[in-house]
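Peer 1: In the numbering used here, the protein residues as written are 385 to 675.
If you scroll down you'll find the structure; I have some questions about it.
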Amino acid sequence: MKKIAFIIDSSANILADESKDIYLVPLNIIETRNSEEKVCNASTGINLETLNEKIKGGSKFKTSQSSIGLLQQTVEELTKKYDYVIGFPISEKLSSNYATWKSLETEFKDKFFVFNLGSVEVGIVWFLELIRDFLKAKKNELDPKELETFIAKKKKNFGGVLVVSDVSQLIAGGRLKGFKAVFVKTLKLKLLISMMPANGGLEYFDKTKTDLAAKKELINFLEQKVNLISKKIKKAAVITTILDPKEREKVVHEFQSLLKDKVVVEEAMFSPVIAIHTGFSNYALLVEMED
Numbered sequence: 385m386k387k388i389a390f391i392i393d394s395s396a397n398i399l400a401d402e403s404k405d406i407y408l409v410p411l412n413i414i415e416t417r418n419s420e421e422k423v424c425n426a427s428t429g430i431n432l433e434t435l436n437e438k439i440k441g442g443s444k445f446k447t448s449q450s451s452i453g454l455l456q457q458t459v460e461e462l463t464k465k466y467d468y469v470i471g472f473p474i475s476e477k478l479s480s481n482y483a484t485w486k487s488l489e490t491e492f493k494d495k496f497f498v499f500n501l502g503s504v505e506v507g508i509v510w511f512l513e514l515i516r517d518f519l520k521a522k523k524n525e526l527d528p529k530e531l532e533t534f535i536a537k538k539k540k541n542f543g544g545v546l547v548v549s550d551v552s553q554l555i556a557g558g559r560l561k562g563f564k565a566v567f568v569k570t571l572k573l574k575l576l577i578s579m580m581p582a583n584g585g586l587e588y589f590d591k592t593k594t595d596l597a598a599k600k601e602l603i604n605f606l607e608q609k610v611n612l613i614s615k616k617i618k619k620a621a622v623i624t625t626i627l628d629p630k631e632r633e634k635v636v637h638e639f640q641s642l643l644k645d646k647v648v649v650e651e652a653m654f655s656p657v658i659a660i661h662t663g664f665s666n667y668a669l670l671v672e673m674e675d
């Protein structure tokens, strides 16, 4: 059986695990305070609690792509130990990181392949499990076009919606501007943003006055897109930047009830590299449906 290594970036929100052939080339987080910049590893350099404190303290944050030099070095080392190396960076529509990784395919022709999963967070982890099983069934013989087709098919089973209660970071990052920003913030509306791997981006699609209304609209949206209620749910997870454990538990319990206990809803925190853009006190529901 051929040997395959997988490379992820910080958007998957897991660390390297060589026992599972998973390697990490992190994204970067840049903090600006008093005109001074500090760069840190997005996977290990800062946690959500510290990030929240620093934002409240006046620091500004932005993210940047992986070091091309580190990626090149990592791929070069792995191609000596593995038959194939597969990269799963952050969604193409969310970062130029995908294009940078993709550009190295020609240098490591027939050894290094990069795929756009259109996903972030635990969605990447779920995809990784599916792809690993798919390749094992083929004795790890890799046909890039065949894997691309498999990924495109499975994307249709994935869906997610982000509910934003605190829009401060969306405004700070320029993703919410002008009258709309003032309107949403003044009325304390909940913004609903789709996280659909099939299109790979984050798209505003609705707003509500209450959290309960937001959750119900989220359920309706995912029913339209992936048949959330009418099909069998394979996996579901609440991903959040809510720092209070009791509040997080409450959100998970509410979704468990709304989904009528069809699946055990997992709980996870957003990675700092995503939280910089989405802000705090927010949550998302991600699901993977059965075929």
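Glycine residues also receive a C-beta, built at the ideal position from the N, C-alpha and C atoms.
Which stretch, first to last residue, makes up the alpha helix (DSSP H) that contains ALA389?
Peer 2: As a working mapping, residue 389 is identified with position 5 in the sequence shown. ALA389 -> not in any alpha helix (DSSP H); beta strand (DSSP E) instead, spanning 388-392.
Peer 1: Can you tell me which residues form a DSSP beta bridge with SER448?
Peer 2: If you number the sequence shown from 1, residue 448 lands on position 64. In the DSSP output, where bridge partners are listed per residue, SER448 has ASN412.
Peer 1: Going along the chain, which unbroken runs of the beta strand (DSSP E) with 3 or more residues stay wholly within the region 417-499?
Peer 2: You should have 420-425, 444-448, 468-472 and 496-498.
Peer 1: What's the C-alpha gap between TYR588 and THR624?
Peer 2: Here residue 588 is taken as the residue at index 204 of the sequence shown, counted from 1. Here residue 624 is taken as the residue at index 240 of the sequence shown, counted from 1. Cα to Cα, the separation comes out at about 18 angstroms.
Peer 1: For VAL648, count the other beta carbons within 10 Å of its own beta carbon; 16 or more makes it buried, fewer makes it exposed. Which is it?
Peer 2: Here residue 648 refers to the residue found at position 264 when the sequence shown is read from its first residue. Per the 10 Å Cβ criterion, exposed.
Peer 1: By DSSP, does GLU650 sit in helix, in strand, or in coil?
Peer 2: Position 266 of the sequence shown holds residue 650. Three-state DSSP puts GLU650 in a strand.
Peer 1: By how many angstroms is the C-alpha of SER475 removed from the C-alpha of LEU501?
Peer 2: Taking the sequence shown and counting its residues from 1, the one referred to as residue 501 is at position 117. Taking the sequence shown and counting its residues from 1, the one referred to as residue 475 is at position 91. Looking at the two C-alpha atoms, the distance is approximately 6 angstroms.
Peer 1: Could you give the uninterrupted runs of the beta strand (DSSP E) lying entirely in the region 566-628, keeping only those of 3 residues or more?
Peer 2: Listed in chain order, the complete beta strand (DSSP E) runs (minimum 3 residues) inside the region 566-628 are 574-579, 586-592 and 617-624.
Peer 1: Is the beta carbon of VAL610 less than 8 angstroms from the beta carbon of VAL671?
Peer 2: By one-based count along the sequence shown, residue 610 stands at place 226. By one-based count along the sequence shown, residue 671 stands at place 287. In this structure, VAL671 lies closer than 8 angstroms to VAL610 by Cβ.
Peer 1: Straight-line CA distance for VAL636 to GLU433?
Peer 2: On the sequence shown, position 252 is the one that residue 636 refers to. On the sequence shown, position 49 is the one that residue 433 refers to. Using only the alpha carbons, I get a separation of about 20 angstroms.
Peer 1: Who are the Cβ neighbours of GLU601 in its own chain at under 8 angstroms, not counting the five residues just before and after it?
Peer 2: Here residue 601 is taken as the residue at index 217 of the sequence shown, counted from 1. Taken in chain order, the residues that qualify are LEU576, ASP590 and THR592.
Peer 1: Give a yes or no on whether the C-beta atoms belonging to VAL504 and ILE658 are separated by under 8 angstroms.
Peer 2: Against the sequence shown, residue 504 aligns to sequence position 120. Against the sequence shown, residue 658 aligns to sequence position 274. Taking 8 angstroms as the Cβ cut-off, VAL504 and ILE658 qualify as a contacting pair.
Peer 1: Which ranges does the alpha helix (DSSP H) cover as unbroken runs of at least 4 residues, wholly within the region 523-561, from first to last along the chain?
Peer 2: Complete alpha helix (DSSP H) runs here, min 4: 528-539 and 552-556.
Peer 1: Locate the beta strand (DSSP E) running through GLU672, then write down its first and last residues.
Peer 2: Residue numbering aside, residue 672 sits at position 288 when the sequence shown is read from its first letter. Note, GLU672: beta strand (DSSP E), 667-673.
Peer 1: Report the rounded CA-to-CA distance for ILE555 versus ALA597, giving the unit in angstroms.
Peer 2: Walking along the sequence shown from the start, residue 555 turns up at place 171. Walking along the sequence shown from the start, residue 597 turns up at place 213. Taking the straight line from one Cα to the other gives about 23 angstroms.
Peer 1: Rounded to a whole number of angstroms, what is the C-alpha to C-alpha distance between GLU631 and VAL547?
Peer 2: In the sequence shown, residue 631 corresponds to position 247, counting from 1. In the sequence shown, residue 547 corresponds to position 163, counting from 1. Approximately 15 angstroms, taken between the alpha carbons.
Peer 1: State yes or no: is the C-beta of ASP494 within less than 8 angstroms of the C-beta of LYS387?
Peer 2: Counting from one through the sequence shown, the residue named residue 494 turns up at place 110. Counting from one through the sequence shown, the residue named residue 387 turns up at place 3. Contact: no.
Peer 1: Check whether the Cβ atoms of PHE472 and PHE390 sit closer than 8 angstroms, and answer yes or no.
Peer 2: If you number the sequence shown from 1, residue 472 lands on position 88. If you number the sequence shown from 1, residue 390 lands on position 6. Yes, the pair counts as a contact, with Cβ atoms nearer than the cut-off.
Peer 1: State the Cα-Cα distance for the pair GLU460 and LEU642, rounded to the nearest angstrom.
Peer 2: For the purposes of this step, residue 460 is identified with residue 76 of the sequence shown, where counting begins at 1. For the purposes of this step, residue 642 is identified with residue 258 of the sequence shown, where counting begins at 1. Taking the straight line joining both Cα atoms gives about 48 angstroms.
Peer 1: Does the region 429-444 touch the region 526-544, meaning 3 or more C-beta pairs lie closer than 8 angstroms?
Peer 2: Not touching, per the Cβ criterion.
Peer 1: In whole angstroms, what is the alpha-carbon distance linking ILE406 and ILE392?
Peer 2: Counting from 1 along the sequence shown, the entry for residue 406 is found at position 22. Counting from 1 along the sequence shown, the entry for residue 392 is found at position 8. Cα-Cα distance, rounded: 7 angstroms.
Peer 1: Tell me the rounded alpha-carbon separation between THR458 and SER487.
Peer 2: Here residue 458 is taken as the residue at index 74 of the sequence shown, counted from 1. Here residue 487 is taken as the residue at index 103 of the sequence shown, counted from 1. Roughly 15 angstroms between the two C-alpha positions.
Peer 1: Out of ILE413, GLN553 and GLN640, state which residue places its alpha-carbon closest to the alpha-carbon of HIS661.
Peer 2: Residue 661 sits at position 277 when you count from the first residue of the sequence shown. Considering only alpha carbons, the answer is GLN553.
Peer 1: Starting from ILE515, follow its DSSP beta bridges and name the residues at the other end.
Peer 2: Reading the sequence shown from its first residue, position 131 is the one you call residue 515. None; ILE515 has no bridge partner.
Peer 1: Express the C-alpha separation of ILE452 and GLU421 in angstroms, rounding to a whole number.
Peer 2: Your numbering for residue 421 matches position 37 in the sequence shown. Your numbering for residue 452 matches position 68 in the sequence shown. Rounded to whole angstroms, GLU421 to ILE452 spans 20 angstroms at the Cα level.
Peer 1: Take the Cβ of LEU627 as the centre, count every other Cβ of all protein chains shown within 10 Å, and call the residue buried at 16 or more, exposed below.
Peer 2: In the sequence shown, the residue the question calls residue 627 occupies position 243. When all chains shown are included, LEU627 counts as exposed.
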